[in-house]
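Structure first, commentary second.
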Amino acid sequence: MNYLEFLLMRPEISLLSIFVIIFLFDLMATGRYRRIFHGIVCLLMLAHTYICMTGSAEEITLFGGMYYNNPMLSFMKAMLTCGSILVILQANRWLRSASTYYKQGEFYILMLSTLIGMYFMLSARHFLLLFIGIELASLPLACLVAFDKYRHHSAEAGIKYILSSMFSSAVMLYGISFLYGSCGTLYFSDMATILSGSPIHIFALVMFFAGLGFKISLVPFHLWTADSYQGAPTVVTAYLSVISKGAAVFTLFIVLTKVFANMIVEWQAIIYILTIASITIANLFAIKQHDIKRFMAFSSISQAGYIMLAVINGTAHGMTAMVFYILVYIVANLAVFGVIESIEHQCTDGVKREDFNGFYRSNPRLAFLMTLALFSLAGIPPFAGFFSKFFVFMSAFDAGFMILVFIALINTVISLYYYLLIVKAMFINQNDNPIKPIKCDLFTRISLTFCLLGIVFLGICSFVYINIDKLSF
Amino acid sequence: MEHYTSIIIFSVLSLLMIAAAIAAVTSSKIMRATTYLLFVLFGTAGLYFSMFYTFLGATQITVYAGGIVVLFVFVILLIGKGSIDVTHTSKLRYMAGVLASMSGLAITLYIIKTTHFIADKLDPNGVSMRTLGKTIMGTDKYNFVLTFEVLSILLLACMVGAILIARKK
Amino acid sequence: MLVALWMSRGIKQIRTVMVAGSTLLLALSVYLTIDFIAMRNAGITDAQLYTDSWSWYTPLNICYSIGVDGISVAMLLLSSIIVFTGTFASWNMKPLTKEYFLWYTLLSLGVYGFFISTDLFTMFMFYETALIPMYLLIGVWGSGRKEYSAMKLTLMLMGGSAFLLMGILGIYFGSGATTMNIHEIAQMANIPVNIQYIFFPLTFIGFGVLGALFPFHTWSPDGHASAPTAVSMLHAGVLMKLGGYGCFRIAMYLLPQAANELAWIFIILTTISVVYGALSAISQTDLKYINAYSSVSHCGLVLFALLMMTRTACTGAILQMLSHGLMTALFFALIGMIYGRTHTRDIHKMQGLMKIMPFLAVGYVIAGLANLGLPGFSGFIAEMTIFVGAFSVNDTFHRVVTIIACTSIVITAVYILRVVGKILYGKPENKEHLELTDASWHEKFTVICLIISVAGLGILPMWVSNLINSGVANIISNIQP
Amino acid sequence: MIIPAEYYLVLSAVLFFIGVFGFFTRRNLVSLLISTELMLNAVDINFAVFNAYCYDHLEGYIFTLFGIGIAAAETAVAIAIIINVYRNMKTIHIKNLRELKD
Amino acid sequence: MELAIYILALPLLSFLILGLVGKNLSHKVAGILGTLSLMVCTVIAYSVAVTYFGAGRSEDGLFPTLMPYNYTWLPLGGNLSIDMGVLIDPISVMMLVVITTVSLMVHIYSLGYMKGEKGFQRYYAFLSLFTFSMLGLVVATNIFQMYVFWELVGVSSYLLIGFYYTKPAAIAASKKAFIVTRFADLFFLIGILIYGYYTQDFSFTINESILLSASAVLPLALGLMFVGGAGKSAMFPLHIWLPDAMEGPTPVSALIHAATMVVAGVYLVARMFPLFVGYAPETLSMIAYVGAFTALYAAVVACVQTDIKRVLAFSTISQIAFMMVALGVCTSTDPHKGGLGYMASMFHLFTHAMFKGLLFLGAGAIIHAVHSNEKEHMGGLRKYMPITHITFLVACLAIAGIPPFSGFFSKDEILTACYDYSVIMGMFMSIVAALTAFYMFRLYYLIFWGKSLYEEQLNSYNSGIIKEKPHKPHEAPICMTAPLVILATITCFAGFIPFGEFISSNGHAYEIHLRTEVAISSILFAIAGIVIATIMYKSGESKLTKAINQSCKGFIKAAYRRFYMDELWMFITKKIIFNCISRPIAWFDKKVIDGSMDMLATITQRLADFVRPMQSGNIQSYSVWFLSGTLALVLILLYLM
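Chains as they are written, first to last, in my numbering: chain A, 2 to 474; chain B, 11 to 179; chain C, 578 to 1058; chain D, -14 to 87; chain E, 311 to 951.
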């Protein structure tokens, strides 16, 4: 019984302490202090990121192999945290609005708890911990989705999310139960040697995959995505589409390579099918969308498909490509959501593509940022998205999936089409009544600036990638 | 005879559970469905008992029957007249549902059938509370203090969330 | 570099900065050309000069490596001339001037980068960099069905680059995934033949789309028709050359066996594009469409010549790239200027422009003559080199296609003269047109610069030809079995 | 006689898919929740059975135990949201929950 | 000899000056500048000729072939390269003289003719350009250089024909001329390609062994080159552009479409003559037949044309055909043994250039006077334009082959060569010669004799039938008549030049001697033609004429419409190429290819609509998809892998 081991989980503990601080602050603080709540949270998170990034240079295995941390995982956690910070920064305006102001504290608490859940998803080396991590990462998220209590859409999105989530976790649990039944243990390291690819293993693998596929929103497990994204508060949508998805992808990669290493043929086949389905179907849907958040939902599904191209590789190489892709995806997607968030209050009934008509004339900077972000998402050089996409393709190609790469590449053309539709709306389409010039608040501005920097420099400066590569395992 | 008691108990229990489950998903009154669910949950507790997992069975009854079902009842009462479930709407979707779940069942049964589980370890002594306690609170392998703690965070977060959503301004 | 230079400037100064920048680039590339020739004359025979390489993405063997040989020097020169003149051609670009030039500069950045890279990745990156600004340039500042055209152009080219990326990955992994450097891959020459068979067509089509290869050319007429003047110039003048250059530098150079085996398919396609483009041009009524189809035909000739895989033909191909680049830029510049005045490009609606705007009309006649391969202009030397080179492949198939391709010069004459006759000659009938003015000074400057370049290349082809020849020889020796 | 483990498994499978069936066909949010409870319950049975019949350590046991807890948490959140839905729309019928769609 | 380069440089220079800054010069300065530079040119050309022929023959009895300049212009890999240089040998010197002379005359003449025209400077610039290219063509050191200038000649011809660019007919004519010749040039180019590939050289002097090895393809190559030549020289059926080309200013017609450019084809064949004789005799015979047919065809058509320039144009075609025939009937390089035609052809080229130039310039003067091309507006002009009348008559006599005018001698040599080849060919060509005499005198009488339109109009003006006072025809100014006189003088005496001394098929001196029977018969034929013409047209249209017209109305109409060759070509180009090929291709491009690309987009959109119901908003159907997907994956993995 060595409870000191808790203290060795640096990122988790530090995040947990912030969690507690915020909890207490929320309970105690009044009036004046509440106004600086947002700033305090951001600072705390920054400090936490620092802690997370430093000092965990060595591998740690704790609790009899249940918990594992190494620099790469720390990096992933830091990435997720940074992403969350960006989201929180963007949330400022929304949180200060009258309908949300009083539940500001809850927002942070729920968000941080999901983040903790993701940390455990990444670090778990036991299915129980993994499962609890996943639940911790999704249940509070359901609350966040339904956060705008008095908006129909938010409630509807919330119920759709929670029910789908429950359904999928039931399915996943069922799969895990069979894994347990056939392996006798749920420790990753022990299971890896036992799994051989017999029918029950395949059955369990698919069910498990479905559970994570739900979180990553791969086709055909994606159908909740659009509705929830559209209905949820924009900040939450951003969080869902980026952080939650990223964590799930990381987890999937880890589980597949650590647990199902022997079944690589099977899971590669799964990914193969799902990737094609995801990219293609999501693209088809995205073409027809007018609501921007809904559109971004499909875009994110298709992006998830591209991420899978890196996962399918299953080596350190693939991991690097995947992490890098997600990193780039985080900044680009958050940039888009940042813009959406900034203009949202001017649009009744959700932001539509048409609302962007003439956007460039009225808000050149935001439109410019948005364009860059969309280009990055579409994989246009010299923005970071190009690099990440290239590496992803490379890793899938390396694994020998040429046809898959080819199909994905053809799909990039479709995806370019719909991204360009927005660009077109902003630059080309005329509008008598465009969105009025917006002055973003400081927090949003910081966040967007970071996104912009990321979009522009992540690709051109190769050291990020190289360092990730060094960390990969 | 002893041999057969367990099997009889099991068969009765399982038939009851299946019947209750079917009733729970078909009954048009939600309150009744909840009651049927309660039966299933009790039945499950019975199964746990039959595996000599008494603590588990007890938890099942306490948490599920005592907690969750009460919640259900609570919400049903709250909602009142909205609580009628119209089962038959779209035939197509209904059939799709039937088809999907039946084929799922078929596949699962097939998988269970083809797999050979080495199932001979049933320990009539059950699990001692001491072992259980150690397992939950231990830090070594096959001990679960970490998950226990994380679960507590989960419950806390869910509580916060649920209250947030459910409470009025 | 240029981007950073003027990002911060005010609207009024944009022109100044742009002119300064493009002049600087032009000067640089002229200097580069002279220096390059001097070095060659001094007996330096390395395949590439000014090579440099910075490791970029080490784990993936991606380097930012640059270097030039005769071909790229020539192409750089071409690009800078056109960028330079294009700046003048877009003197009065009205809405969002700054943005226009920003994208314009990004586009040229991509082009320059492409020509100097010797690394597959960077090359591909610059290639795509050059493509995307087209969308906005056409979409925002274009005319006619600009949105449709812009979208079509972008999507088709991106589709092409999807093929291309496949090809590049195939080459990289086929050669053992140890280097992305083109020359190193070429030297290793270890790509298995069956892999080459898969990836040669992919790469070739990938670049071919940009080079307006027959069934993939349809972006070109619409795109050109809708694009603003300078963009048409740059696009037809330089960007389409990326296709030919890439086909040669990557597809053929790195996948020689497959290139030899599969060339016939593409020869047929290119022959079709040569004749087909020319024939289509005959019955068009929109000036830009005519020129766009003419570009299809001429660019087809470039690919055609490359596929002949003889040194002469390939030299001719590069010459044709230069020549077509300059000519077509001239054409588009003139068309843009005419359109800017008459607001129509329908040849039936214009008449007797020679009387109204003599300068532009004379320029147009000269461009037309250059285009139909008049000796003394660049078109002639390029075409002749190509035909002589193509004819020297000794088998019936090549002979026949060469002769078929030759017929394009007659067809070219037909459509050029048709246009000249229709719009320039005759009596001006449209009353409104009588009021129109002739070219302003910056327009004149543009036209004159281009005419001088075209004629210079046509009258003194020797030095360019020699310049190119060394580069071509190097590549050809790798291709020929 | 010890009841074979497979019997339990079959039972749990049947329960699970009855839950699935319910989830597919019911028209009321609470009913859906009930169906989900059935599914989760079936999974719990699985874990317990495997642990009881096959393996020494208490992983399955603990899993079941925690699973019950998680199910409770999920239900709590779901019910909270259902209440919220009801508050917003005055109904908890699925067919009314289709404002968000293509 | 080194001066020869200036012959090229001067016109080019004057073209550049006039072309670039011409606008700022006054008409006079521009005209004089152009004329002066050409005058210098002419002087140099003559001096070159004098020094060249004066230097005498080298030891082997030949005039040396000199190449004072030859630079590589464009290397083509291997041994091939396009060179630019100056080649001096008898025929090129002869051509230099011819071109500069006629060109100078035209330059001087144009000072008067084009006076006051808009674009006067442009006109002179184009003339200079043309002269430059034509000179470049004749001094070409290799076939490719020839091709280069060949094209330039084509373009300058295009520009000059289209000089009146506001006239639709001129535009059409220039376009037609260019495209038809360009079409022929295509074959020329292919011929060059074949030639160049098999001999690995483009030059005219290639050693025997290489030629022998390439002998299999030489007939083909040379035949193709001839097609190119036929295009420029307006051989049937590529002649259609020449009559239309008369839309250009008349001096231009004189220079380009009578004297110089159109003989480029003849010059080409003459240039390649040793090869033709040595390796492609069949091709040579083919040339003869084509030439003979063309000669007859053009002569017949010329008999019924009403536009005087058209008559001259067809006459030109016919005469060039004579030259072609002369070359074609050669069977060896020895002028004594069947190689006479070469010399005859060159001789005729020389004399024809002079008298046809004269005819055109005369016609120009007439047109200048009456402002019309049609014969109806002419008649009885001899009173008003005496100088023109006399010079025109001289030219007519020359072309008809009446001694002692130059045409007689050269034509006589041609006929002799024809008779040497075969009697039938000789007879045939003699008849054509008679026709020539007939139509020329028909023209002559129609213009200068008969009723004067002016007088008729004056009468009706005086009697008040028409209001306007008619325009009185007047003699041309001095700068127009002077060239007429000069050329007439040359025409009178050129026949006595011992042409064979300078030029013959094998390079050795050949003494021209008239073969009596041929000479007499040809004179008789010519006189017969003249007499018939006199009877028919001396004083207007006689009854006989009308009777003849009546009796073969259909034939005459057909001949007037040039036997519908133009219509045929129009049918082929307009209907078949434009409507049946180009249009469908454009349609195909728009609909099928473009359509298929758009189709991809449409299909994508349709698919998008198709999958749309998936996103029904119903959470249960979502879950059905979820589970079905999972099960499908399980099944796939279990059974398909």
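Where a beta carbon is used, it is the ideal one built from N, C-alpha and C, also for glycine.
Fair warning: this is a prediction, and the values are worked out from it, not measured in the lab.
In the three-state reduction of the DSSP assignment, residue 60 of chain A falls in the coil class.
In the assembly as shown, residue 865 of chain C is a buried residue. Its beta-carbon has 16 or more other beta-carbons within 10 Å. Against residue 160 of chain A, the close residues of chain D are 14, 66, 67, 70, 82, in the order they occur along the chain (beta-carbon pairs closer than 7 Å).
For residue 804 of chain E, the closest alpha carbon among the candidates E/407, E/575, E/558 is that of E/407. Around the beta carbon of residue 1041 of chain C, 16 or more other beta carbons lie within 10 angstroms, which makes this residue buried. When only Cα atoms are considered, residue 987 of chain C and residue 541 of chain E end up about 13 Å apart.
Taking 7 Å as the upper bound on Cβ-Cβ separation, chain C lies near residues 376, 381, 382 of the region 362 to 382 of chain A.
Comparing C-alpha distances from residue 754 of chain E to each of E/580, E/618, E/569 shows the shortest one belongs to E/618.
CA-to-CA, the gap between residue 38 of chain A and residue 45 of chain A works out to about 10 Å.
For a Cβ distance threshold of 7 Å, nothing in chain A lies close to residue 442 of chain E: the least Cβ distance comes to about 51 Å. The alpha helix (DSSP H) runs lying completely inside the region 666 to 747 of chain E and spanning 4 residues or more are 696 to 710, 716 to 731, given in chain order. Taking the C-beta atoms as reference points, residue 570 of chain E is found no nearer than 8 Å to residue 396 of chain E. Residue contact with chain D for residue 163 of chain A: present (Cβ-Cβ distance below 8 Å to some residue of chain D). Spanning the alpha carbons of residue 315 of chain E and residue 379 of chain E requires a straight line of approximately 8 Å.
Under the three-state reduction of DSSP output, residue 354 of chain E falls in the helix class. Taking CB atoms only, residue 396 of chain E has no neighbour in chain A less than 8 Å away. In terms of CA proximity to residue 385 of chain A, A/326 leads the group A/409, A/326, A/407.
Between residue 713 of chain C and chain A, the shortest Cβ-Cβ separation is below 8 Å. Within chain E, the residues whose beta carbon sits less than 9 Å from that of residue 859 of chain C are 887, 888, 891, 892, 893, 895, 896, listed in sequence order. For residue 406 of chain A, the chain C residues whose Cβ falls inside 9 Å of its Cβ are 742, 743, 746, in order along the chain. Considering only A/34, A/27, A/47, the residue with the shortest C-alpha distance to residue 15 of chain A is A/47.
Annotated three-state conformation of residue 1015 of chain C is coil, per DSSP. For residue 696 of chain C, the beta-bridge partners assigned by DSSP are C/758. The C-beta of residue 356 of chain A has 16 or more other C-beta atoms within 10 Å across all chains shown, which makes the residue buried. For residue 787 of chain E, the three-state secondary structure derived from DSSP is coil.
Chain B has no Cβ within less than 8 Å of the Cβ of residue 249 of chain A. Boundaries for residue 74 of chain B: no alpha helix (DSSP H) harbours it, and the DSSP string shows neither H nor E there. The three-state reading of DSSP puts residue 78 of chain D in strand, counting E and B together.
Of all residues in the region 189 to 210 of chain A, only 199, 200, 201, 204 place a beta-carbon less than 8 Å from a beta-carbon of chain B. Going by beta carbons, residue 944 of chain C and residue 869 of chain C fall outside the 8 Å limit. Between the region 712 to 722 of chain E and the region 819 to 838 of chain E, the count of Cβ pairs shorter than 8 Å is three or higher; the stretches touch. Within 10 angstroms of the beta-carbon of residue 825 of chain C lie 16 or more other beta-carbons, which makes it buried.
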